[in-house]
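Student: Here you go, one structure.
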Amino acid sequence: MSAPKESHEGLSSLQIIFLVIAGFLLLVAFGAGFSKSTPTDGDASADERIAPVAAVEVTAVAANAGKRSGEELYNAACASCHASGAMGAPKTHDKAAWASRLGGNLKALVASGIKGKGAMPPKGGAADATEEELTRAVAFMMK
Ligand code: HEC
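For the sequence shown, the working numbering gives the first residue as 920, with consecutive numbering after it.
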């Protein structure tokens, strides 16, 4: 009966380590909160206060995959062909060219773009793009 007891002890020391780490993180978080709320003047300290916000924004951009605007995805993945009309691609902002495709139906055009057509690979090569992003990008090109 010694084996189960040992594993139980192992678990509780893990839990203690976890609690110590959690407590430390809490202290750090509180420390940061207090130093931020301390009124300061001078440009250097302002930069210090902005730095954490900038770091959060960088994380937000990474987490933003799937939330690109139509224009952002278009510039990143569609412009290479659609800006010039390369290989017979309907040109960006050429309303007539887009209206003549699938009756200018946005949903049908997006579905076609997801499958790929002719010289265009599926999703225009933007494999990580969501249907919503592609819809925005097509709508942007049709404007
Ligand atoms: C490698 C070049 C290329 C890229 C990159 C590209 N396209 Fe295209 N696209 C084409 C070509 C060529 C056509 C015309 C295909 C045809 O009719 O045979 C086309 C047609 C389309 C159509 C109309 C499909 C239809 O059924 O008529 C849509 C919608 C579309 N593209 C969306 C996009 C989107 C959105 C992106 C960016 C995410 C993109 N394309 C990127 C080349 C490209």
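Even glycine gets a Cβ: it sits at the ideal position worked out from N, Cα and C.
Note that the structure is a prediction, hence the values are computed from the model and not measured.
Here's the rule: buried if 16 or more other CB atoms are within 10 angstroms of the residue's CB, otherwise exposed. What is GLY1043?
Tutor: Its Cβ being crowded by 16 or more others within 10 Å, GLY1043 is buried.
Student: Nearest-angstrom Cα distance between THR1011 and ALA995?
Tutor: Rounded to whole angstroms, THR1011 to ALA995 spans 14 Å at the Cα level.
Student: Should ARG987 be counted as a contact of the ligand HEC given a C-beta to heavy atom distance under 7 Å?
Tutor: No; taking the cut-off as 7 Å, the Cβ of ARG987 has no heavy atom of the ligand HEC nearer than that.
Student: Cα-Cα, which of SER1019, LEU992, LYS986 and ALA970 is closest to PHE1059?
Tutor: Comparing Cα positions, the closest option is LEU992.
Student: Work out the CA separation of GLY1022 and ALA1045 for me, nearest whole Å.
Tutor: So the two alpha carbons sit approximately 24 Å from each other.
Student: Using the C-alpha atoms, what's the distance from ALA970 back to LEU1053?
Tutor: The alpha-carbon atoms of LEU1053 and ALA970 are separated by roughly 33 Å.
Student: State yes or no: is the C-beta of ARG1055 within less than 8 Å of the C-beta of SER1003?
Tutor: Contact flag unset, no.
Student: Any heavy atom of the ligand HEC closer than 7 Å to the CB of GLU1001?
Tutor: According to the sequence as given, residue 1001 is His; it is not Glu. HIS1001 Cβ: within cutoff of the ligand HEC.
Student: For LYS1010, name the three-state secondary structure that DSSP assigns.
Tutor: Reduced to three states, the DSSP call for LYS1010 is coil.
Student: On the criterion of 16 or more Cβ atoms from any shown chain inside 10 Å, does ALA1027 qualify as buried, or is it exposed?
Tutor: When all chains shown are included, ALA1027 counts as exposed.
Student: For PRO1041, count neighbouring Cβ atoms within 10 angstroms of its own Cβ and tell me buried if that reaches 16, exposed if not.
Tutor: PRO1041 comes out exposed.
Student: Tell me the residue span of the alpha helix (DSSP H) that contains ARG1055.
Tutor: Run containing ARG1055: 1050-1061, per the alpha helix (DSSP H) assignment.
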